[in-house]
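So for the sequence shown, the numbering used here puts the first residue at 135; every next one is plus one.
Don't be surprised by glycine CBs; every beta carbon is placed ideally from N, CA and C.
Below: the structure, in structure tokens.
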Amino acid sequence: MVKNKLAFPHVMVLLVALAAVSCALTYVIPAGTYQFDDNGYVIADSFQYVQNTPVNLWSAVLKLTSAIASMGTTFALLFVLGGMVNVLISSGAIENVVDFSIFRLQDKSLKVLIPCITVMMSLLGGLAGNDAMITFVACGMLLARRTRLDRVAGMAIFYLPYITGQAIGPTVLMILMCQEMCGIPAVSGLSVRIVIWIIFTVVCAVYNTRYALRVSRDPSKSIDGEILEPEGGSRDDNDPVSLRRSSVVSVLMILLPFVIYAYGSSKYNWGFEYLIGIGFIGAVILGGVFRFTPNDWAKRFCEGATQMGAVCLLIGFSKLISTILADGQVINTIAHAALGLIQSMGSSFSAIGMFFFTTLFNFMMPSGPAKVPILMPLFMPVADVLGITRQVLCTCYQLGDGLTNFLTPVSSVMATGLILSGTRYSKWMRYAVPYALILIGVSAVCIFFLQSIGWS
């Protein structure tokens with residue numbers, strides 16, 4: 135007799151359900167709107183209620199085409215970088231680097247590897263964090279297999295650090311937009327942001343390493359409940375392994391496009407088309423490093439790009455949810471109601487209130503740059519009246535936007551990570567929620583302190 139087991143819904147099921155709930159909210163929440171200036175920014179104190187424009191289920195289905203089409207650049211980015219990463223993985227370079235590290239470090243391998251990866255990914259995320267970095271989860275899964283960890287650890291080792299670094303990075307697009315809107319110099323407050331970045335990175339390294347060591351010592355402690363085994367048979371960790379020069383060059387090559395893009399985006403305002411182009415060139419160079427034939431290289435590249443197909447579909451559904459809420463004109467109503475509550479607090483607690491509101495708002499609209507024209511013009515007058523410095527205000531927004539991106543199912547990036555790793559959302563939440571609560575607590579303390587000393 136087979137027992138029916140209640141399974142936690144697939145990410146796709148969650149997104150469809152959230153789209154339906156979003157449609158229902160457009161009937162329940164009063165519609166409201168703000169007026170916008172010539173630059174597309176909200177004019178404070180211009181909120182007014184308007185006639186409801188509810189979005190029914192049929193209309194939502196029809197909007198799916200435009201929602202998917204609007205993410206074309208993101209899809210191109212994922213296809214190209216997915217192909218690039220697969221060329222690297224299929225070459226055996228990462229296995230060689232990991233096996234060499236395990237051989238040299240022996241029982242200290244996880245204690246060294248995970249912190250090093252954390253710093254590397256957090257630095258990349260802080261300098262030029264973008265959605266394409268989720269493709270590194272494939273590398274995390276390979277590492278998890280070689281070190282006999284579970285899917286949760288494999289996803290977390292590469293995903294959490296770059297999201298964490300992005301949440302306080304000094305040169306990511308979102309903070310540059312905030313600082314420009316607030317009239318303060320770009321990349322200002324660098325020393326303070328570096329200190330917070332160090333704190334966050336240390337927390338991430340400790341959290342990921344602690345879990346990995348626990349699972350390695352006792353597989354029954356795994357949240358996922360399944361330990362991954364190396365493909366092609368196990369290898370004795372004491373077997374001598376030599377580090378190939380091509381492996382080192384190729385691993386550096388996979389990071390180089392992001393480093394180049396970080397420099398170009400901050401200095402020359404490069405868009406994603408540059409990262410796409412540089413990533414493709416990187417994939418071609420990797421093919422040359424490993425002397426793949428043109429046909430062999432093309433097969434490997436296309437296999438990696440193909441793996442992004444289901445991911446792109448989920449991204450389209452994530453975009454649909456924000457489209458429904460925007461067309462139903464309920465986003466502004468929610469922002470207006472929360473703003474009234476925040477204004478009743480003192481300056482330091484109001485700053486924390488803005489941070490918390492942005493954190494909650496991010497569950498509905500994970501795109502940081504998309505929220506800037508909506509929330510920042512509303513926050514600035516309140517901040518000025520309450521004596522909250524513009525630098526603190528920008529930090530409140532940035533932290534609020536970044537620290538729930540690995541929790542909300544509306545996030546296309548998180549959905550991508552779940553698909554690439556095969557991790558169930560319920561299992562991931564058991565791992566990620568405590569981590570998010572720790573960082574949210576640290577952030578609240580930092581904001582309170584910075585506002586108390588008048589950081590500007």
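Check                                                                                                              : Outcome
Ser-325, buried or exposed, once every other Cβ within 10 Å from all chains shown has been counted against 16      : exposed
Beta-carbon proximity check, Leu-276 vs Ile-223, cutoff 8 Å                                                        : yes
Cutoff 7 Å; reference Ile-156; Cβ partners in own chain excluding five residues on either side                     : Residue identity differs from the one stated: residue 156 is Ser in this sequence, not Ile. So the qualifying residues of the chain are Ile-455, Ile-458, Leu-459.
Among Met-488, Val-579, Leu-520, His-470, nearest to Gly-166 - alpha-carbon criterion                              : His-470
Touching by the beta-carbon criterion (3+ pairs, under 8 Å), the segment 198-218 and the segment 345-355           : no
Sub-8 Å separation of Asn-429 and Asn-496 beta-carbons                                                             : no
Same chain, Cβ closer than 7 Å to Leu-215, five either side skipped, listed in chain order                         : Ala-266, Thr-269, Gly-413
Start-to-end residues for the alpha helix (DSSP H) that takes in Trp-431                                           : 428-440
Outcome for Gln-185 when other beta-carbon atoms lying within 10 angstroms are tallied against a minimum of 16     : exposed
Through-space distance from Arg-425 to Met-218, alpha-carbon basis                                                 : 15 Å
Three CB pairs or more closer than 8 Å across the segment 551-568 and the segment 506-517                          : no
DSSP-derived helix/strand/coil call for Val-136                                                                    : Model confidence at Val-136 stands at a pLDDT of 44, short of 50, so the residue's coordinates are unreliable; what they give is reported in the following sentence. In this structure, Val-136 counts as coil in the three-state DSSP scheme.
Burial state of Thr-207 (16 or more Cβ within 10 Å)                                                                : exposed
Alpha helix (DSSP H) segment containing Gln-585, residue limits                                                    : 559-586
Arg-110 vs Ile-318 beta-carbon contact at 8 Å                                                                      : Any answer about residue 110 is impossible in this case: the structure gives the chain only from 135 up to 590.
For Phe-497, three-class secondary structure by DSSP                                                               : coil
Start and end residues, alpha helix (DSSP H) containing Arg-351                                                    : 324-351
Assigned exposure category for Val-506 - 16 Cβ within 10 Å defines buried                                          : buried
Inter-residue CB distance, Cys-528 and Ile-309 (contact presumed, cutoff 8 Å)                                      : 6 Å
Coarse secondary structure for Gly-166, derived from DSSP in three states                                          : strand
From Phe-334, Glu-314, Ala-287, residue whose alpha carbon lies closest to that of Arg-344                         : Ala-287
Sequence-distant residues of its chain with Cβ nearer than 7 Å to Thr-467 (five each side left out)                : Ile-163, Pro-164, Ala-165, Gly-166
Helix, strand or coil at Ile-522 according to DSSP, with G and I counted as helix                                  : coil
Residue closest to Thr-440, alpha-carbon to alpha-carbon, out of Ser-256, Val-221, Ser-180, Tyr-168                : Val-221
For Gln-477, the three-state DSSP class (helix, strand or coil)                                                    : coil
Three-state secondary structure (DSSP) of Gln-185                                                                  : coil
Asp-358 (DSSP reduced to helix, strand or coil)                                                                    : coil
Boundaries (first-last residue) of the alpha helix (DSSP H) holding Phe-292                                        : 285-300
Contact check, Leu-541 vs Ala-566, beta carbons under 8 Å                                                          : yes
Spatial neighbours of Ser-356 in its chain, beta-carbon cut-off 7 Å, leaving aside the 5 residues before and after : Asp-284, Val-349
Residues bridged to Val-383 [DSSP beta-bridge criterion]                                                           : Note: Val-383 sits in no beta bridge, so no partner.
Cα-Cα separation between Ile-415 and Ala-272, rounded to whole angstroms                                           : 20 Å
Bridge partners - Val-176, DSSP secondary structure assignment                                                     : Phe-170
Outcome for Leu-250 when other beta-carbon atoms lying within 10 angstroms are tallied against a minimum of 16     : Going by the sequence as given, residue 250 is Cys instead of Leu. Exposed is the call here.
Start-to-end residues for the alpha helix (DSSP H) that takes in Glu-407                                           : 406-423
Option nearest Ile-581 by Cα separation, candidates Phe-213, Pro-143, Leu-409, Phe-490                             : Phe-490
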